[in-house]
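Following the numbering used here, the numbering of the sequence shown begins with 702 at its first residue and continues without gaps. From the three backbone atoms N, C-alpha and C, an ideal C-beta is built for every residue, glycine too. Keep in mind the model is a prediction, meaning the values are calculated, not measured.
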Amino acid sequence: MFKAFLIKYAEIGIKGKNRYLFEEALVDQIRFALKKVEGEFKVHRTQGRIYVDALSEFDFDETVQGLQKVFGISGICPVVYAEDEGFEKLGKDVVEFIDRVYPEKNQTFKVHARRARKNYPMDSMEINCELGGVILDAYPEMKVDVHHPEIELNVEIREKIYIYSQIIPGPGGMPVGTNGKAMLLLSGGIDSPVAGYMISKRGVKIDAVYFHAPPYTSERAKEKVVDLAKYVAAYSGPMKLHIVNFTDIQLYIYEKCPHDELTIIMRRFMMKIAERIALESGCLGLITGESIGQVASQTMQSLAATNEVCTLPVYRPLIGFDKQEIVEISEKIDTYETSVLPYEDCCTIFVAKHPVTKPNVKVIKGHEKNLAEKIDEMVETALSSREILDIE
Ligand code: ATP
Ligand code: MG
C-alpha cells in the first residue's frame, strides 16, 4: 500500500547556509543505497523535505533496510499518497489508511495536517477537525488525544496528498561525504570495524589499511578482514582497502628489539605506514579501535608512545567504551560474528609473555635505533608492494 517514504533528518537541518550541501549529500547517499534494492525509485527534495517515491513494485523490507544504513536519516516514514479529488475522497482515503495500518482501531489519535499548497480550500485547523470527525464516525471506538496520541496521523497537502503515521528509526548521524575522509586501521578484531562505523556516522568517508604477516597470518585471516570491510562499507559507502605485508618488518623488529617492547614498536610502525597511505589518499586523520586499558598496548603510556609517531590526528571513537558496549554495536552492525572467527591476527603471533605496560618513549626510540640499517627501505617496500582492493 505504501508508495513513498518521507525521509526525516535531524542534525543536518540546522546547518544554515550549508544546509543544501548536506541535503544533496543525503540525497546522493540515498540513491546509492537504493541501487542495491529491487525496484525503481525517485529521490527528490521539495520544500525542505526529502521523499523517496517508488516508481515500480518494490520490496518494502529491503527498501527500509537499505535506508536504515544511510547516515543522516533520523526517521523513515512510509507514505500513502493520493490525488486531490476533494475532501470527501480524502476522508475515505484516511479511513482506509487507518483500517489497513491499525486493524485493532482501539488507539487514541490526532490528525496533524500541513498545507504546503495554500490554495487548498480549507486551512490546517479545519482539516484536522473535519478529518478527526470523519475518523470518529467510521470508528467510534477510537478516541482523540491531542497531547499524547498513540497515532499521529500526518496529512500533507501538496500537488498530491501524502498520508503517513509511522516513523521507523534511521541510523542518525550525518551523510557520508560531508566531513572529509579518514584512514581506518582495520584488523580482524571486534573493535576496529566498530570504530570505522562510528567515525563514518559523522559524515566521514573511509578508506582502510590492514597489516598482514604471511605465513604467520593466514589467507583466511585476510579474507575475514575483507568481509569486515564490506560490512563497514554497507554504511560508509565504497572504500579502498590497502593490504600491507608486514612480515619482514615484524621479523626485523623481533630480531633487533627487546621482546617486551615488540608490540609497541610494531604499533608505531603500523601507525607510521598508515599515515603515509592516509596522506597519499587525501585523508585528514587516522582511526583506530583503541580503548583505554583494554590491553597492554592501550594503557595511557602505550597510547602516548603509539601516538607520538603520528602527525595527523588519530581518532579513537571507542576510547571510553567498555568491551560489552563495543560488542553491542558490533552486533547491531553485523560485524560481531565475523570478528570472533578464530583466525589469528598479526599481533597475536609475536606477542610477548609480559609486554611493557608503561613504555617510555625515550627508551623505545633508543631501541628503535637498532633498526636503522634496514627499516626505512623495508617501510618503502611494504608501501610499494601493498595490494589495494576496491570494497563495495
Ligand atoms: P581490534 O578488535 O580492533 O583488533 P584489539 O582490541 O585487538 O582491537 P589491538 O590489536 O591492540 O586491539 O589493536 C588496536 C588497534 O590497532 C585496532 O583497533 C586497529 O585499529 C589497529 N590494528 C591492530 N592490528 C592491526 C592490523 N593487523 N592491521 C590494521 N590495524 C590494526
Ligand atoms: Mg586486534
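message: Whether or not the region 760-777 and the region 738-745 are in contact is what I'm after, with contact meaning three or more pairs of Cβ atoms, one per stretch, closer than 8 Å; do they touch?
response: Taking a cut-off of 8 Å for Cβ pairs, the region 738-745 and the region 760-777 touch, as three or more such pairs fall below it.
Boundaries (first-last residue) of the beta strand (DSSP E) holding F742: Here the beta strand (DSSP E) through F742 covers 742-747.
field: P779 (DSSP reduced to helix, strand or coil)
entry: Looking at P779 - three-state DSSP - the assignment turns out to be strand.
Backbone CA spacing between Q769 and S1085 [nearest angstrom]: Each residue's alpha carbon lies about 38 Å from the other.
message: Is T989 a contact residue of the ligand ATP, with contact defined as CB to any heavy atom under 6 Å?
response: Yes, since a heavy atom of the ligand ATP falls inside the 6 Å radius drawn around the Cβ of T989.
message: Using 8 Å as the cut-off, can you tell me whether the region 937-949 makes contact with the region 1023-1037, which would need three or more C-beta pairs spanning the two stretches below that distance?
response: With contact defined as three or more Cβ pairs closer than 8 Å, the region 937-949 and the region 1023-1037 are not in contact.
Top-ranked residue by Cα proximity to A930, from E805, K957, T918, G897: Minimum Cα distance to A930 is reached at G897.
task: Tell me whether Y840 sits in a helix, a strand or coil according to DSSP, three-state version.
output: Correct three-state label for Y840: coil.
message: Am I right that P870 and G986 are in contact with their C-beta atoms under 8 Å? What's the rounded C-beta distance?
response: Contact flag wrong, Cβ pair sits at about 29 Å.
field: Euclidean distance between Cα positions of Y953 and H745
entry: Between the alpha carbons of Y953 and H745 lies a distance of about 57 Å.
query: Per the contact definition of three or more C-beta pairs closer than 8 Å, is the region 786-806 in contact with the region 962-977?
result: Touching, no, given that fewer than three Cβ pairs across the two stretches are closer than 8 Å.
message: Below 8 Å on the Cβ atoms is my contact criterion, and I expect C958 with N1061 to pass it. Report the Cβ-Cβ distance as a whole number of Å.
response: Between C958 and N1061 a beta carbon distance of about 14 Å is seen, past the 8 Å cut, so the two are scored as non-contacting.
query: Where are the alpha helix (DSSP H) runs, 4 residues long or more, that stay fully inside the region 965-993, in chain order?
result: Entirely contained in the region 965-993, not one alpha helix (DSSP H) run reaches 4 residues.
field: Test item: CB-CB of G878 and A726 under 7 Å
entry: In this structure, A726 lies closer than 7 Å to G878 by Cβ.
- request: Mind checking which residues open and close the alpha helix (DSSP H) that includes E962?
  value: From DSSP, E962 is part of no alpha helix (DSSP H); its letter is neither H nor E.
task: With a 10 Å radius around its C-beta and 16 neighbouring C-beta atoms as the bar for buried, classify Y721 as buried or exposed.
output: Y721 counts as exposed, since fewer than 16 other C-beta atoms from the protein chains shown sit within 10 angstroms of its C-beta.
task: Determine, using beta-carbon pairs with one atom in the region 884-904 and one in the region 973-981, whether at least three such pairs fall under 8 Å.
output: Contact check between the region 884-904 and the region 973-981: three or more CB pairs, one atom from each, fall below 8 Å, which counts as touching.
- prompt: Who are the Cβ neighbours of N807 in its own chain at under 8 Å, not counting the five residues just before and after it?
  reply: Taken in chain order, the residues that qualify are E842, M843.
- prompt: Straight-line CA distance for Y932 to P822?
  reply: In a straight line, the C-alpha of Y932 is about 51 Å away from that of P822.
Per-residue burial, V847 [other beta carbons within 10 Å of its own, 16 or more giving buried]: When all chains shown are included, V847 counts as exposed.
query: First and last residue of the beta strand (DSSP E) that includes Y803?
result: Where Y803 is concerned, there is no enclosing beta strand (DSSP E), because DSSP gives it neither an H nor an E.
field: Continuous alpha helix (DSSP H) assignments of at least 4 residues falling wholly in the region 817-885
entry: DSSP runs (the alpha helix (DSSP H)) wholly in the region 817-885: 825-839.
message: So, for C1011: in the same chain, excluding its five sequence neighbours on each side, which residues have a beta-carbon less than 6 Å away from its beta-carbon?
response: Once the five neighbours on either side are set aside, the close Cβ partners of C1011 are M972, E976.
field: For Y721, three-class secondary structure by DSSP
entry: If DSSP states are grouped into helix, strand and coil, Y721 belongs with the helices.
- request: Determine the contact status of D961 and A1053, defining contact as a CB-CB distance below 7 Å.
  value: Yes, they are a contact pair.
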